[in-house]
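Trainee: First the structure, then my questions, so here it is.
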Amino acid sequence: MEKPSIPQENNWDSQSVEMYQSVDNIKKQMRKGNWTYIWRHPEIRAIIRVFLHELIDKQPKNIYEFSAALFNCNNTPLLITKVNKQLQIVNKELKKGQWSHHDCDMVFAESDSSHSLLSSSSVGPDIDSMLRYAVILRDKNMSKK
1 MEKPSIPQEN
11 NWDSQSVEMY
21 QSVDNIKKQM
31 RKGNWTYIWR
41 HPEIRAIIRV
51 FLHELIDKQP
61 KNIYEFSAAL
71 FNCNNTPLLI
81 TKVNKQLQIV
91 NKELKKGQWS
101 HHDCDMVFAE
111 SDSSHSLLSS
121 SSVGPDIDSM
131 LRYAVILRDK
141 NMSKK
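Just so you know, the numbering used here puts 108 at position 108 of the sequence shown, and the rest follows in order with no gaps.
As structure tokens, this is what we get:
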């Protein structure tokens with residue numbers, strides 16, 4: 001099977017433009033689908049909040065080992081308590097109308113790298129969006145105190 005040629009700068013034919021627009025549309029739909037799923041499952045937000053809080057609070061050198069230790073079966077009772085507390089906060093925010101389906105435009109916004117067909121960073125998780133999400137949550141919690 002022949003590899004498709006990658007268009008060079010300023011050498012876009014109509015097929016390349018159409019392919020780029022299709023890829024761009026698929027990425028947008030995936031981001032919206034991801035946000036819709038998270039919006040329908042507030043427990044995911046609560047788990048993410050607990051994880052990010054612990055991560056930022058402890059600032060471990062090895063995030064992988066820290067994550068494995070945090071979600072170890074021995075920590076289940078502590079995690080349940082923390083997740084339930086965060087779930088109450090998330091549900092309260094949802095009832096106040098603080099979050100909506102349109103938040104995905106800000107939280108899961110396109111990164112600069114997603115504009116390039118050659119970018120490999122647009123394939124993996126968007127850490128910049130996750131950090132923005134953590135800052136938004138932190139700021140909302142700080143304003144309550």
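All C-beta atoms, glycine included, are put in the ideal place defined by N, C-alpha and C.
Remember, predicted model here, so these are calculated numbers, not experimental data.
#1: Just the C-alpha distance for threonine 76 and threonine 36, rounded to the nearest angstrom, thanks.
#2: Do you know whose CA, among Glu65, Ile26, Asp24 and Phe71, lies nearest isoleucine 48's CA?
#3: Check this for me: beta carbons of valine 90 and proline 42, under 8 Å apart or not?
#4: Helix, strand or coil, according to DSSP, for histidine 41 in the structure here?
#5: Taking the continuous alpha helix (DSSP H) assigned at lysine 96, which residues delimit it?
#6: Report the three-state DSSP secondary structure of glutamine 21 (helix, strand or coil).
Mentor: Based on what the coordinates show:
#1: 27 Å
#2: Phe71
#3: yes
#4: coil
#5: That residue, lysine 96, is in no alpha helix (DSSP H); it is neither H nor E in DSSP.
#6: helix
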